[in-house]
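Chemist:
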Amino acid sequence: MAQGTVQNKDSFLNNIAEKLGRERRTTGVERPDYQKQPQWEVMADYSTDQLVEVLKKQCVEIHTDVKETSVEDLPKVLDEAIKEYGAEKASIWDDPRFSSFGLSSFAARPDVSVWGDAPEEKDIRISEQADVGITFADYTLAESGTVVLMNGGGKGQSVSLLPTYYIALIPLSTIVPRMSQVTRKIHEDAEAGERVPSCINFISGPSNSADIELNLVVGVHGPVRACYILIDDR
Amino acid sequence: MPMKIGDRSFDKRVEKGLSDTHMRETVRGAQGRLHTNKAKAEEELGNWEDWRTLSEEIRAHTLENLDYYLEQLSENVVKNGGHVYFAETPEEANAYVEEIAAKKEAKKIIKSKSMVTEEISMNEALEKQGCEVIESDLGEYILQIDDHDPPSHIVAPALHKNKEQIRETFERLKGYDKSADPSELTQFAREQLREEFLEADIGITGVNFAVAESGSISLVTNEGNARLATTIPKTQISVMGMERIVPTWEELDVMVNMLCRSAVGQKLTSYITGLTGPREEGDLDGPEEFHLVIVDNGRSNILGTAFQSALHCIRCAACINVCPVYRHVGGHSYGSIYPGPIGAVLSPLLEGYEDHKELPYASSLCAACTDACPVKIPLHEHLIEHRKIIAEEEKKTSLGETYAMKGFGIAASSPGLFNMATKTAPLMFSPFSKEGTINKGPGPLGGWTDVRSFPAPEKERFRDWFKNRKKEDS
């Protein structure tokens with residue numbers, strides 16, 4: 017990737033330093049050892065089963081449908097979920113987990129488009145025309161009912177956004193208590209010099225708005241309904 | 007629009023707000039609901055004060071080292087292939103964005119909600135150049151098609167409009183023919199806007215928090231419009247106030263948590279998006295070109311002053327949602343795109359006292375704002391500090407007498423405000439009073455009640471008592 021450009025930096029930052037009444041700081045700033053760190057106390061000692069219970073309860077709050085299945089029954093349960101939404105065309109990630117979770121034949125269906133397979137980079141348009149987008153979760157946050165998607169390459173960010181419905185496939189091995197565990201991992205990767213994926217989504221249910229008299233309306237610019245399929249992969 | 011909205015005087019704006027029963031009813035309902043939701047979200051955590059302490063510490067540390075973190079941010083954006091422009095003035099920021107639009111021969115620009123672009127009138131600048139600029143946040147969209155009606159709340163910009171007014175706007179301007187049901191209205195906006203997204207040449211967003219360590223920006227939304235604006239168009243421009251930054255993803259976690267809970271009472275909003283643009287090799291969506299514009303516009307003048315903590319603000323509007331003055335006069339009365347307590351503190355700092363000198367007096371100093379603030383900005387103390395400065399200035403120009411009683415004067419000169427202030431006093435002080443006295447008073451009363459008690463406001467106002475007494479007598 018070619019380097020970008022930066023303009024007006026020094027005059028801007030020198031002015032800040034001057035207003036703060038000191039020399040400009042370019043090195044040696046350490047993050048404080050924060051006195052209070054309540055984020056690590058949340059559900060710290062919960063088992064996976066307890067976290068799953070919290071997640072399921074939160075899904076009611078965020079208007080998200082939930083299904084539970086074994087790895088074995090996943091193809092059947094996914095089919096049911098798609099049918100319940102009356103969906104036909106699906107847009108899915110190009111993700112090896114589709115085959116490792118027994119969904120190879122599903123991914124090969126003619127009404128299923130795999131991200132990156134479209135000719136002439138028409139992937140966005142095809143995803144936009146799909147009824148349902150399907151991705152795996154990279155992490156899942158029990159507290160807020162959130163799936164975390166590390167997009168990039170075959171994992172297009174459009175898939176969880178443009179189709180009318182969204183289905184997240186959640187292996188139970190991806191569940192953590194809250195956002196803190198995931199952001200710590202991203203922080204550690206960044207500290208080790210890795211480039212953070214260009215788009216990370218924390219998705220908690222379908223899109224919604226309360227801009228009209230604060231009445232909650234589910235389904236605005238993103239998917240109008242969302243379903244989480246919890247897969248017991250332990 | 008610039009920060010200042012409208013040309014009416016403060017008194018006229020307040021009188022208009024007080025007489026707008028539609029607006030007042032909507033605002034009252036909204037405040038109640040938002041407040042209840044926030045209280046529930048605080049309670050769920052159990053140790054809200056610890057979270058506030060941590061958040062305050064994060065914000066204070068970041069602002070104290072702002073030059074360091076902004077440099078780290080810009081270096082990382084550049085390393086990832088993005089472009090950074092530091093703009094001291096609105097003119098500089100707009101000129102840079104105009105230049106990109108011209109280079110891209112952009113016709114259509116889709117925007118997700120951004121207060122800072124409102125502050126610097128970016129839409130107007132781009133429109134002058136012949137670009138069509140479309141707001142995609144539902145509330146902003148409603149305001150934009152209604153002849154650029156100004157926002158009245160920083161989280162729910164169209165809060166002053168009720169659904170019937172919105173239906174009428176859609177019908178008159180967009181040929182809408184369905185009911186005033188919010189679901190139908192929203193569905194209509196979705197359809198109208200989806201095609202715009204697919205055709206847009208440039209997506210413009212604000213920034214909730216930038217992350218210095220990785221050159222990332224985060225966007226906190228429920229509707230998904232910010233995701234669309236950063237997924238489809240080939241060029242993305244994100245504009246941030248220079249203080250909207252955290253050191254690492256670990257601090258981002260805490261601040262996003264506080265923002266979602268304080269703004270809308272959600273644990274997390276539907277979409278928290280972390281973008282480290284532009285797209286990488288092999289990606290088929292996301293912007294090919296990413297520009298980050300970092301705006302000062304008067305913020306640096308607040309650094310190193312008694313008001314520095316005002317820059318800790320994360321724009322959650324919790325202070326607005328508890329403010330008894332906002333409740334009665336509504337957002338437009340403040341004459342600034344930043345209304346409520348934080349607006350009364352920030353507007354004079356960013357744009358000077360000339361246009362906003364009444365705002366520090368549009369407060370009962372009840373300190374509900376300070377208590378509600380998730381990053382512990384002492385808002386009511388800042389308002390007192392403003393009053394001191396204004397009084398000092400006025401003294402120099404020998405108008406001291408007039409302004410010594412300014413707070414009372416403004417309230418008393420508007421019958422509505424005066425009535426409101428006297429009516430709400432017992433209620434506002436009820437959490438602090440016991441058996442008719444206040445022993446631990448909020449805000450400015452604290453100094454007094456630390457050493458002695460203060461009588462709680464009588465439930466019956468003097469005016470009512472006098473009226474009744476006259477009735478009894480006659």
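From first to last, the protein sequence lines are chains S and L. Under my numbering, read the first sequence as residues 17 to 250, first letter to last. Under my numbering, read the second sequence as residues 7 to 480, first letter to last. Positions of the beta carbon are idealized from the N, C-alpha and C atoms, including for glycine.
Say whether chain S places a C-beta atom closer than 8 Å to the C-beta of His41/L.
Modeler: Residue numbering aside, residue 41/L sits at position 35 when the second sequence is read from its first letter. Output row for His41/L: interface = no.
Chemist: With 16 as the cutoff for other CB atoms within 10 Å, does Tyr409/L come out buried or exposed?
Modeler: The residue given as residue 409/L occupies position 403 in the second sequence. Per-residue confidence for Tyr409/L stands at a pLDDT of 48, beneath the threshold of 50, marking its modelled position as unreliable; the derived number appears in the next sentence. Tyr409/L is buried by the Cβ-count criterion.
Chemist: Would you list the residues sitting across from Gly35/L in a DSSP beta bridge?
Modeler: The sequence position of residue 35/L within the second sequence is 29, counting from 1. In the DSSP output, where bridge partners are listed per residue, Gly35/L has none listed.
Chemist: What residues in its chain sit with their C-beta under 6 Å from that of Glu138/L, if we drop five residues either side in the sequence?
Modeler: Here residue 138/L refers to the residue found at position 132 when the second sequence is read from its first residue. Excluding sequence neighbours, Glu138/L sits near Lys114.
Chemist: What first and last residue would you give for the alpha helix (DSSP H) that runs through Gln135/L?
Modeler: Along the second sequence, read from residue 1 onward, the residue named residue 135/L stands at position 129. Careful: Gln135/L lies outside any alpha helix (DSSP H) and carries neither H nor E.
Chemist: Report yes if the CB atom of Ile247/S is closer than 8 Å to the CB atom of Val87/S, and no otherwise.
Modeler: Mapped onto the first sequence, residue 247/S falls at position 231. Mapped onto the first sequence, residue 87/S falls at position 71. Yes.
Chemist: Check distances from the C-beta atoms of the segment 170 to 202 of chain L to those of chain C and list, in chain order, the residues that come in under 8 Å.
Modeler: Protein chains in the displayed structure are S and L, and chain C is not among them.
Chemist: Buried or exposed for Trp56/S, please, with buried defined as at least 16 other CB atoms from any protein chain shown within 10 angstroms of its CB.
Modeler: As a working mapping, residue 56/S is identified with position 40 in the first sequence. Exposed.
Chemist: Judging by CA-CA distance, which residue of Thr68/L, Pro96/L, Leu40/L and Arg19/L is the nearest neighbour of Glu357/L?
Modeler: Along the second sequence, one-based indexing puts residue 357/L at 351. Ranking Thr68/L, Pro96/L, Leu40/L and Arg19/L by Cα distance to Glu357/L puts Pro96/L first.
Chemist: Does the CB of Arg200/S have a neighbour CB from chain L at under 8 Å?
Modeler: The residue given as residue 200/S occupies position 184 in the first sequence. Yes, Arg200/S counts as interfacial toward chain L.
Chemist: Who are the Cβ neighbours of Gly406/L in its own chain at under 6 Å, not counting the five residues just before and after it?
Modeler: Translated into positions along the second sequence, residue 406/L becomes position 400. Reliability fails at Gly406/L, whose pLDDT of 45 lies under 50, so the model's placement of it is uncertain and the value that follows must be treated cautiously. Answer for Gly406/L: Glu400, listed in chain order.
Chemist: Please list the partners that Phe313/L has in chain S, where partner means a Cβ-to-Cβ separation under 7 Å.
Modeler: The residue labelled residue 313/L in the question sits at position 307 within the second sequence. Those do not exist, as Phe313/L stays about 12 Å from chain S at its closest Cβ, beyond 7 Å.
Chemist: Can you pull the DSSP bridge partners for Lys10/L?
Modeler: As a position in the second sequence, residue 10/L is number 4, starting the count at 1. Answer is Ser342/L.
Chemist: So is the beta-carbon of Gln198/L under 7 Å away from any non-hydrogen atom of the ligand NAP?
Modeler: Looking for the ligand NAP in the displayed structure turns up nothing, as the structure carries no ligands at all.
Chemist: Check whether the Cβ of Tyr409/L lies closer than 8 Å to any Cβ atom in chain S.
Modeler: Residue mapping note: residue 409/L aligns to position 403 of the second sequence, counting from 1. Confidence at Tyr409/L is low in this model, with a pLDDT of 48, below 50, so the placement of that residue should be treated as unreliable; the coordinate-derived value is given next. Taking Cβ atoms only, chain S never reaches closer than 8 Å to Tyr409/L, which makes this a no.
Chemist: Tell me, which residues are paired with Val252/L by DSSP?
Modeler: In the second sequence, the residue the question calls residue 252/L occupies position 246. Bridge partners of Val252/L: Val217/L.
Chemist: What in chain L is Cβ-close to Thr42/S, meaning under 7 Å?
Modeler: Along the first sequence, read from residue 1 onward, the residue named residue 42/S stands at position 26. Chain L residues near Thr42/S: Tyr74 and Glu77.
Chemist: If the cut-off is 8 Å on Cβ atoms, which residues from the segment 211 to 223 of chain S count as contacting chain L, listed in chain order?
Modeler: From the segment 211 to 223 of chain S, only Arg211, Val212, Pro213, Ser214, Cys215, Ile216, Asn217, Phe218, Ile219, Ser220, Gly221, Pro222 and Ser223 have a Cβ closer than 8 Å to chain L.
Chemist: Quick check: the Cα distance between Thr241/L and Ser127/L, rounded to an integer number of angstroms?
Modeler: Locating residue 241/L in the second sequence gives position 235, counting from the first residue. Locating residue 127/L in the second sequence gives position 121, counting from the first residue. Between Thr241/L and Ser127/L, the C-alpha separation is close to 20 Å.
Chemist: Anything in the segment 91 to 108 of chain L with a Cβ closer than 9 Å to a Cβ of chain S? List those residues in chain order, please.
Modeler: Residues passing the 9 Å Cβ filter: Tyr91, Phe92, Ala93, Glu94, Glu98 and Tyr102.
Chemist: Would you list, in sequence order, the uninterrupted beta strand (DSSP E) runs of no fewer than 3 residues that lie entirely inside the segment 68 to 131 of chain S?
Modeler: Listed in chain order, they are 80 to 86, 106 to 108 and 128 to 130.
Chemist: Can you tell me the Cα-Cα spacing of Gly88/L and Gly280/L, whole angstroms?
Modeler: Residue mapping note: residue 88/L aligns to position 82 of the second sequence, counting from 1. Residue mapping note: residue 280/L aligns to position 274 of the second sequence, counting from 1. Spanning the two alpha carbons is a distance of roughly 15 Å.
Chemist: How would you label Asp13/L, buried or exposed, when you count the other beta carbons within 10 angstroms and need 16 or more for buried?
Modeler: Position 7 of the second sequence, counted from the start, is the residue given in the question as residue 13/L. The residue in question, Asp13/L, is exposed, as its Cβ has fewer than 16 Cβ neighbours within 10 Å.
Chemist: Expressed to the nearest angstrom, what Euclidean distance is found between the alpha-carbon atoms of Val130/S and Ser143/S?
Modeler: By one-based count along the first sequence, residue 130/S stands at place 114. By one-based count along the first sequence, residue 143/S stands at place 127. Each residue's alpha carbon lies about 9 Å from the other.
Chemist: At 9 Å on the CB atoms, spell out the chain S contacts of Pro345/L, in chain order.
Modeler: Here residue 345/L refers to the residue found at position 339 of the second sequence. Those within 9 Å of Pro345/L in chain S number zero; the least Cβ separation is about 16 Å.
Chemist: Which chain L residues are close to Arg29/S, counting only those with a beta carbon under 7 Å from its beta carbon?
Modeler: Walking along the first sequence from the start, residue 29/S turns up at place 13. The question names Arg, but residue 29/S is Leu in the sequence shown. Asp73, Leu76 and Glu77, listed in chain order.
Chemist: Report the partner residues of Gly247/L according to the DSSP bridge assignment.
Modeler: Numbered from 1 along the second sequence, position 241 holds the residue referred to as residue 247/L. Its beta-bridge partners are Val301/L.
Chemist: Given 8 Å as the limit, is there contact between the segment 194 to 201 of chain L and the segment 186 to 204 of chain S, that is, 3 or more CB pairs closer than that?
Modeler: Verdict: no, contact absent.
Chemist: Spatial neighbours of Ser176/S within its chain, please: CB distance less than 7 Å, with the 5 preceding and 5 following residues excluded, ordered by chain position.
Modeler: Start at 1 with the first residue of the first sequence, and residue 176/S comes out as number 160. Excluding positions up to five away in sequence, the list reads Gly149, Thr151, Leu165, Tyr182, Asn217 and Ile219.
Chemist: Output needed in chain order: residues of the segment 48 to 76 of chain S with a Cβ under 9 Å from some Cβ in chain L.
Modeler: Cβ contacts with chain L: Pro48, Tyr50, Gln51, Lys52, Gln53, Pro54, Gln55, Glu57, Val58 and Gln74.
Chemist: Once DSSP output is grouped into helix, strand and coil, what is the label at Ala323/L?
Modeler: Here residue 323/L is taken as the residue at index 317 of the second sequence, counted from 1. Ala323/L falls in the coil class under three-state DSSP.
Chemist: Using a Cβ-Cβ distance cut-off of 8 Å, determine whether Thr162/S contacts chain L.
Modeler: Mapped onto the first sequence, residue 162/S falls at position 146. True, the Cβ-Cβ gap to chain L drops below 8 Å.
Chemist: Mind listing the chain L neighbours of Asp147/S? Cutoff is C-beta to C-beta under 8 Å, in chain order.
Modeler: Here residue 147/S refers to the residue found at position 131 of the first sequence. By Cβ distance, chain L contributes nothing, its closest Cβ being about 15 Å from Asp147/S, past 8 Å.
Chemist: Between which two residues does the beta strand (DSSP E) harbouring Met121/L extend?
Modeler: Here residue 121/L refers to the residue found at position 115 of the second sequence. Taken as a continuous stretch (DSSP letters only), Met121/L belongs to no beta strand (DSSP E), being part of the alpha helix (DSSP H) at Met121 to Glu125.
Chemist: Assess, as a yes-or-no matter, whether the segment 237 to 257 of chain L is touched by the segment 208 to 216 of chain L under the definition of 3 or more beta carbon pairs within less than 8 Å.
Modeler: With the cut-off at 8 Å, the segment 208 to 216 of chain L and the segment 237 to 257 of chain L touch.
Chemist: Could you tell me the distance, in whole angstroms, from the CA atom of Lys394/L to the CA atom of Glu62/L?
Modeler: Within the second sequence, the letter at position 388 stands for residue 394/L. Within the second sequence, the letter at position 56 stands for residue 62/L. About 25 Å.
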